[in-house]
Each structure stands twice: as structure tokens, then as C-alpha cells.
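A quick write-up on the structure given underneath.
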Ligand SMILES: Nc1ncnc2c1ncn2[C@@H]1O[C@H](COP(=O)(O)OP(=O)(O)O)[C@@H](O)[C@H]1O
Ligand SMILES: [Mg+2]
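Protein chains in written order, with my numbering: chain E, 709 to 937; chain W, 78 to 157; chain B, 78 to 157; chain P, 6 to 733.
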């Protein structure tokens, strides 16, 4: 699989994400935000971090960078786009995904493991998991409270666009630490080729991380592309 | 020419910051505060010389970057 | 009674957000933007009925909580 | 030059005394103008010149075969094998954090990061050591909240994991909190960048944030005289911009991969002045600065302000002239302001022009070398009061519960969950252990990092306290199986002009030096923060020690969590039962008395080497050193981390259970290993004994009294969040 990881000024999980993708067998190119073209790839990843310092609104300035035009075209052509954490925020600001990210209910940065319930296993991103499975993945954000107005929310729920939900499990503090509506931790677009999630699968992708529940996301994508090729 | 943009959350959009402020005011003993909303104030220094074109330019800035019109409203004031 | 508080960074205090916004506007092709400063807008719904006492109360809120007076200034507007 | 006349008042306002002024005149050969006075005053300030501490700092051992660069550069450098070097340093941002906790702490993190990446290292770990006042003091909660948010706000944004630290409360810090930040970075060992300038004619480049009127301290008044728009009292609080810092890190590291840079220096305290003077001095050259080229954030900035500004996120570098264009292209790519602000000369002088006119012309060598040095008088503190022998009616498990839920020993989760401790995806352990463990990217090796100081001990007996701070850092590294390499320090004390305070300082340094020498654990960088006092009330002496160690094989390391398959608890290091200056005494019995536990350095070495040997050979994977709170607290922490109870085999004697004797560890080992380990130890003259067995979900004493882990955990995890929410 060929993947591109976009580097915005202030991205800081770009390397981590590339490492996880490569370990899963992907061929990864780093792409600079000021470029106006994307290389031919199967998957574009918008990584975590603080693009433009999260100033103004998280993801807002990144969403209007030059690279986002080809990223939107890539998405509109039905190809895969994944946003993790800050990347998810960028995708909502770019209107590739519904909803928006508000500051955590505690107004504090939260770095801790959360348990996620996998709601869909038929997406390219989640085919490595089983529907209903619970996985443990770290969360690290300040603006991670997913919010959408009732109408949008009903549509998302109705169309099955909620991919991951915060779930009960052994942990300190609330299972949904940022106060996201309907416990939403990740959503996709209607076509299922664009997905955003707040927790960081790339941080539980090798045994030294103290967990490997994120690995299947990357290997699932790579296997899919291998079988398609 | 100076422009001021007030950005506030739309009705119905959750405001965690406003809520936290309301709670904090309450625990500081300030009574009679019914609602608090937190928004942004963005002040711009523009080259533009007539207020009409300044307003138009700033409105476009709001649409494209300064406000997230899915959840936010904006109001523009032009000085001078 | 409604109160609006504008909180802005004091002159001379670095405003990283304003700076980043100015750069972003520039790269979006908005010319002639010389300076951008980002502040906060806090809107309060108060029980108070006369504007003098409302103003006094809000000023105290600013001093104690709403503004960080080491680096920020505030301005109060009372509506109605 | 339209600069005001330098009057005796102005000289005094700049903190220069009569004797120092004579030296200044001698160095300059004439009367200074205002800009020159400002330059001398910052170069000769305590902060830049170390005038009160320098003679003593020289006593600290700084060498070991693996040291590549000791104190004197931006940070210390040690060899970590595989062609790599670790670069690290700790620094204080105490006063700014007291004034504005969020920004003060944030800019503290920013400053220490720059010290490390200036030398060519990619920062891989941040640590922080915090001291706050009494939890009941009206300011404390606000300060904790702001400082922690500020450290997180900066470190999280730049994407460097904050993996370890420490925090404590004591009324002695009510008026002066401590915020000490440490950064560890990794660089190719053959590509370390130093400050020294070289090459007459080479361009001097300024990169990063624009210069504003930030942090121009006592000088504000003076500069106001020729500024007609001083409408509001100028804030000296600096605001951090972690986004710009992140860009600086990436741009500098990208440029460092080329051979463009001759010398590089971050602009920290005393900004452009200190960075340009140090570069010139280390290269034995002169430097010419044209202030018109300096990117300014505000209009009408004077030469004085431009030279003394402490605006953050700025670097100064000397480039090879051919590389100037390439460098500027890299900075432009990262969206950073860069400007050529001067060049190197062979005059040996710092010359500054502004609006085409000369504003300063100072010989560099005397400016640096004639800085005052003081041999301040010092007296040793009185011997501590004897440890009172008050029999206690608090039972051991109640005492344990009190200690585990006390401000000083409760869980720091509320703090470290606000720090991204996992970004870079090389954090092998989560905070909460003895040391942070950060994998060396792409390898199976790791750095272990820790920071520590027990001010209670330093207050009672500075020499022992200094020794203990180093020994505990060494032990924390040993406990995860790392080979301790070197330390950095941050020496936080009161007013050195008071002989009692100077006595504490001298004693602590003596103790630290002894420990460093005995443990081959040299000091490679550090920082001194004096005058931490308010109304004559000095902070407890706090020589904070930050340290790093090397784990050669991540398959053989240890954590504090008890494990099912290693249920036998062994105590390494005997149980003399020293209760003096212990937390038990203070927290449970309410006495701040007694001498601290003696630190026998030969014993430390012997016990530590034994423990490390067991871990590195894969025989032990559960280990915790014993420190604050003593043996029972260590065991309780291990039980909570492993979610496994313990049946204890220890006498019901407070001195044994809560004494803070040094050079001790608790190990969890398998039944099959236990006897052999005890025997090997005995043969080597190391006291090791069985003290309990893991299992169940409670801590149980020999008589059957017990406390459930749930109860312990509720208190331990509950105190800090409860306090911060205002419920306590
Ligand atoms: N300010 C802080 N920042 C990050 N981690 C912290 C902080 N304070 C304490 N910790 C973590 O909490 C744990 C307990 O700290 P401490 O009791 O000082 O450890 P030790 O006794 O082993 O030196 C350690 O893992 C430490 O790194
Ligand atoms: Mg320890």
C-alpha cells in the first residue's frame, strides 16, 4: 500500500504514524502542507499534533493550506483519508467529516488510555477488528469533545457513521473523558472512505508501547490494498 | 483602518468554557449570573481605506478562516 | 441584563495566535493585513437590574477571574 | 547618540555596586553610555555571571570517560553508544511562574528545550520538578493549576513527551514556588554544535520570533526616559509561543544536517547581548551587530531594549557565508523570520550600531572575564534537633493510609495526565515509576530519566541532603535497570548574601560533589537560582538533581508493579530504622525534626550494582527503590501498580516500616530465584531478606491486620484531584 502522511507546521505525530504504517508494510511518503499536489497514493493520513499551534481553532488553519485541495479531491474520488486526533480536527474544519471538536469538558489536556467499542468492522480502516470489540488506545488532546447538532447527530447515528465509541473498561476517571456527545470517538463520512478518530492507534502499535490494539488498523489497511492489487 | 470581529457560538452549541466560567463565578460567590458564553474578539489592522470594502474583505476572512460557520456566528465592526 | 466583556492582551504582550492568524490570512491571499490580535469576548446574563451595580459586579469578576490582569486588559459593556 | 546621561542612580538601578562599577570603568576604559551600562549589568548579573556560586560550582566532579562535554556549554553531552550522544540540562523558571504561573512555566519549558536543540539534539523527553507552598495557602491551588497547564501547554504542543518529574508541597515555598524544567535530547555524537564563533567576516544570523519589549526587568524605568508612549506600566511577563518553538526545532535540525553552521546559541536570559558576547568570547573574536536588521515586534525600540530583550523563541548563529542562502531558504520554508544582523570581526570588541550610529563598543574579553566573583561568607547551619521519641498511637496501617493520601506522597496522575507523555511513540513506561524510560528511536535500547531532591533533608543537614539528592537520582535509574551516566542540577536557594543561606549552598554542593565522585556520576550541566525568598523568608534549600542513565537491552528492565510470577518480596539493604526527617515523622506525628538518614556512598554503590546486575541479567523485573515514606510506602506503591496485594513479614515497628534509610530497594522475584539471590547477596556482604509475598487484594501484616488495595488506592488517587477541585 502506498500512503502519504501530511506534515503541517506543528504536526507532531507525523513520524509516529509513518513508523506504524511502515511496520504494517506500507510504503510511506511524507507530504508538505504547502505542496499543491499529492503523490499517487491509496491512503492519505492527517496526523496528530498541533498544526499551527491549534491557534484560532484546532485544525482551522491547516484546513485551508494548499495541500488540502488535492486531499479533498482524493477523498471525493472515493480514496481513503484518515485523520488522527489533530487530523480529525482538520477533517471537520475542512468539512470532509461532520461535527466539530470543542475543548474537553474539563478544559484540560488529557493523556490517558481509553477503551473504544468498535461500531463498524466493514470499513477499510476497521476490517482488522470485529464489530463490538473493545480496544484500548491512548487519548491525548485538549480539544477532543466531539459535538454535532441534533439533526446531524441523528443522521450520523442513523447511517451508521459512528465508527468508535468510548466504552467502559478498567480506567481512572470517566470512560468518556472529554465529554463527547454520544460517546463518539471516531466517525466516517457517508461513503466510508474518510474517517477521523481522536485516540492514537499509532501509540499502541508495537509491543514496547504496552499495548498493540492499534496495530490492526494499519495492518488491516495494508492487507486490503495487497488483496486489491 | 481597524476592524473588530466578534465571534460567538451559535445557540444550541455547547460552550464548555462558558459553562466553566459560570461555575467558577458561582463558587467565587458571584450570585445572579444566569448564563455565560465565551467567544472571540479578533482585531485587525487593515490597509483598506474605505469601510465598505474593508467590511467585505473581513466578511470573506470570516467565511474562509476566522469563524467556523457550522457552529459560530460572527459580527463585524469597522472603525473610522 | 446583559454584559459583554472584551478581554485583550496588553500592548506589547506577544500574541502568538494573532501572529499565526495574520500569516494564515496572508497565505490565503488577503493582502493589506498589518496586524491581528486575538482576544476574548465573554457574554453574561445577569440578574442585576441597574447598570451601575452590574458594571461594578462585572468589573470585580474581571479582576478576580475573567481577565488575567498581569497580561490582559478588559473593557465592559452593559446592555439595556 | 541621544542616550541619557549615566548617573549614579541609573548605575544603582542596574544592580551594579560601586566596586563593580569601578571594574566596569576599568574594563571599558571610559564612562559607559546607557546601552553599555545595560549590557554590563546583564552580563554581570547573578543569573549570567554566577558571581556568588562560581567558586563553589568548581568543586563538582564533571568528568567520566563517557562525558563528551561538561558544564559551560548550553547543555551537557554524554556518549550513549551506537554513535549517539545524550544532551541534557535542567533550568529554573521560579519567579516568572509565581507571577504568571501558566506563561512562566510554559516559557521555562521553552527555554530549556532551546538549550538542548541548540546543540544539535532532537529533544526526546521533558521532565519537571515542582515545589509549591502549603496546600492551605490561598495561592497554592491557582499556582499548581497554572504551572501544570503551562508545562503541558508548551510541551504537548512542541511534541516532546513529558515523562517524569516530581512535585512536593511545603509552607517554605509559599512565597517562592519552584518550577525546574529539564530536557533530554539525542544527537549524533559526531555532530554536536557549540557556541564558539569562528571565521572573521562570517555572517551572524538571527532566527525566530521578533524581538519585543519582553522581560526588560529593572531596566524598564531607565528605558522609559526616552520613550514617549509609556501609557501602561510595561508588563515584563513573557508569553510563550510553542508553535514557533516547534518550527525552530525542525528548522534548526534540518539546517544542522548540512554543514552550514559554524556556531549557534539560543537567546535566553539577556537575549541578544548574552548570546552574541558568548559566541564572540568563546571564539576569541569580535562581533559587530546592526540593530536595524533585528526583526522587531514593536515600533520605536531602542538599542538598549533590543540588546536586553528576553523575547522567547529566538536563536543566533554564525554561518559559513556560502551557506547563508540555503539557511534562509530553510527558515522561509518553516515560516520563520531570519535576518543577517552582523558579522564576526577580529577586533575582539562588541560593537553595536542603530540607525547608523554607534551605541556600544565594548571589549569582549574583559566584559566576560572581569565579571565579579564573590567568596561570600558562609556559616554551617546548626545541627538538627534530636528526633523526638514520641510513641505513637497511630497504627501502622492507618499511618500508611495517611501517608499514601498525603500531599507529598499521593498519586501525581492529576499532573501527568495533563502532559502528553507518549508523543514520539517511544515512551516505554508511563509516569509513576522510579524513572521515565524512553526508547532510543529505532533501537532496543533506552534512556532512563529522573529528577529528585528531598528538601527536608537539605534543610536539616545540607551536606547529607546534597549527597542524598544525587544518591536518590542514581537509585531511581538503577531501579529500572539503567546504568547511571550523569546529572544536571538546579540549585534553588535563598539570598546568598546571608551567611546561613550561603552555608546551605556550600554544604549541599559538598554533599553532591562527594556523591558524584563516589558514584562516578558527574555533573555535566546545571543552573543556579538564588534569591528565592520573600520578606526574609527563604525557601528550604533545594538542590534539584536531574539524571539520565542507559538501558542497554529493553528486554531486561524493571518496573515497580508487582507481578504474579515474581511474588517473593526481597528487601535489599537492611533495616536500621532511621526515622529522623522522615515523612512519617512530619505527616503522622507532626514533627519536623531529626537528622536525615545517613548516606553511605560505598553502600549505595554496592547495593545498587547488585540490583542492577539482577535486572540486567533478566533475573529481576520488579524493583522499587525506597525513598520518601520508607519501606511500607514503597511496598504499597508496588502493590497498587501491580494490582496485587501483599502478605508482609515485617515487625510492627514504625522505625522499620517508615524509616527512610538509604541504599535500599524492594524486589519482586520468583520463588525459584529467591533463595539463590539471598545467598549471592550474603556472599557479597549485602543484606537481603524476604519481607513478604504478593497475592490477594490487600496489604496484610503478620498479625492479620490488613488494608484493602481499594481503600489505599482511593486515598492515594483521590487527594490531588480532590484538592484541585476545591473539595479539600
Ligand atoms: N511534576 C511531575 N511531572 C511528571 N511526572 C511526575 C511529576 N511529579 C511526579 N511525577 C511522577 O510520579 C512518580 C512519583 O514521583 P516521586 O515520588 O518523586 O518518585 P521517586 O520517589 O521514585 O523519586 C514518578 O514516576 C514521577 O516521574
Ligand atoms: Mg524512586
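Idealized CB from N, CA, C, for every residue including glycine.
*Nearest chain B C-beta to residue 764(E) closer than 8 angstroms, yes or no?*
yes
*Element boundaries [alpha helix (DSSP H), containing residue 24(P)]*: 23-33
*Note down the Cα distance separating residue 155(B) from residue 79(B), rounded to an integer number of angstroms.*
6 angstroms
*Beta-carbon separation of residue 85(W) and residue 129(B) under 8 angstroms?*
no
*Keeping to the same chain, check which residues put their C-beta closer than 6 angstroms to that of residue 112(P); ignore five residues upstream and five downstream.*
243, 245 and 317
*Closer than 8 angstroms, Cβ to Cβ, to anything on chain E: give me those residues from the stretch 133-156 of chain W, in chain order.*
141, 142, 143, 145, 147 and 148
*Outcome for residue 230(P) when other beta-carbon atoms lying within 10 angstroms are tallied against a minimum of 16*: With a pLDDT of only 37 at residue 230(P), under 50, the local geometry of the prediction cannot be trusted, and no value is derived from it.
*Comparing alpha-carbon positions, which option in 96(P), 63(P), 109(P) and 312(P) lies nearest residue 737(P)?*
In the structure displayed, chain P extends from 6 to 733; residue 737(P) sits before or after that span and is not available.
_Positions along the stretch 84-96 of chain B whose CB lies within less than 7 angstroms of some CB in chain P_ = 87, 88, 89, 90, 91 and 93
_Secondary structure of residue 226(P), DSSP reduced to three states_ = Reliability fails at residue 226(P), whose pLDDT of 38 lies under 50, so the model's placement of it is uncertain and the value that follows must be treated cautiously. In this structure, residue 226(P) counts as helix in the three-state DSSP scheme.
_Sequence-distant residues of its chain with Cβ nearer than 8 angstroms to residue 102(B) (five each side left out)_ = 110 and 113
*Give the straight-line distance between the Cα atoms of residue 886(E) and residue 875(E), rounded to the nearest whole angstrom.*
13 angstroms
*Between the stretch 721-733 of chain E and chain P, which residues of the former have a C-beta closer than 7 angstroms to a C-beta of the latter?*
721, 724 and 727
*Whole runs of the alpha helix (DSSP H) within the stretch 772-819 of chain E, excluding any shorter than 4 residues*: 776-784 and 794-801
*Beta-bridge pairing of residue 844(E) - partner residues as DSSP gives them*: 823(E)
*State whether the stretch 691-705 of chain P contacts the stretch 569-583 of chain P, with contact taken as three or more CB pairs (one from each stretch) at a distance under 8 angstroms.*
yes
*Under 8 angstroms from the C-beta of residue 242(P): neighbouring residues of chain B*: 90, 147 and 148
*Would you say residue 116(B) faces chain P, with C-beta separation under 8 angstroms as the test?*
no
*According to DSSP, residues forming a beta bridge with residue 115(B)*: 119(W)
*Work out the CA separation of residue 912(E) and residue 843(E) for me, nearest whole Å.*
10 angstroms
_In DSSP terms, what residue 126(B) is bridged to_ = Residue 126(B) is not bridged to any residue.
*Could you please give me the residues that DSSP links to residue 85(B) through a beta bridge?*
150(B)
*For residue 36(P), count neighbouring C-beta atoms within 10 Å of its own C-beta (all shown protein chains included) and say buried if the count is 16 or more, exposed if not.*
exposed
_Using only CA atoms, which one of 463(P), 565(P), 414(P) and 488(P) lies nearest to residue 450(P)?_
488(P)
*asked:* Give me the chain B residues within the contact set of residue 249(P), using Cβ-Cβ distance strictly less than 9 angstroms, ordered along the chain.
replied: 93, 96 and 97
*Assigned secondary structure, residue 70(P) (DSSP; H/G/I helix, E/B strand, else coil)*: coil
*Euclidean distance between Cα positions of residue 909(E) and residue 430(P)*: 10 angstroms
*Thinking just about the alpha-carbon of each residue, which of 664(P), 620(P), 393(P) and 121(P) is nearest to the one in residue 556(P)?*
620(P)
*Proximity winner among 248(P), 371(P) and 660(P), relative to residue 764(E) (alpha-carbon distances)*: 248(P)
*Please determine, among 523(P), 102(P), 470(P) and 663(P), the residue with the shortest C-alpha to C-alpha distance to residue 389(P).*
470(P)
*Please say whether residue 343(P) and residue 5(P) have beta carbons closer to each other than 8 angstroms?*
Nothing can be reported for residue 5(P), as the shown portion of chain P is limited to 6 through 733.
*In chain order, what residues of the same chain have a beta carbon less than 6 angstroms from the beta carbon of residue 477(P), not counting five sequence neighbours either side?*
457 and 632
*Residues of the stretch 874-895 of chain E with a CB closer than 7 angstroms to any CB of chain P: list them in chain order, please.*
880
*Which first and last residues belong to the beta strand (DSSP E) in which residue 457(P) is found?*
451-457
*Can you list the residues of chain P that residue 100(B) reaches, using a CB-CB cut of under 7 angstroms?*
340
*Out of 48(P), 567(P), 334(P) and 467(P), which has the shortest C-alpha to C-alpha gap to residue 506(P)?*
467(P)
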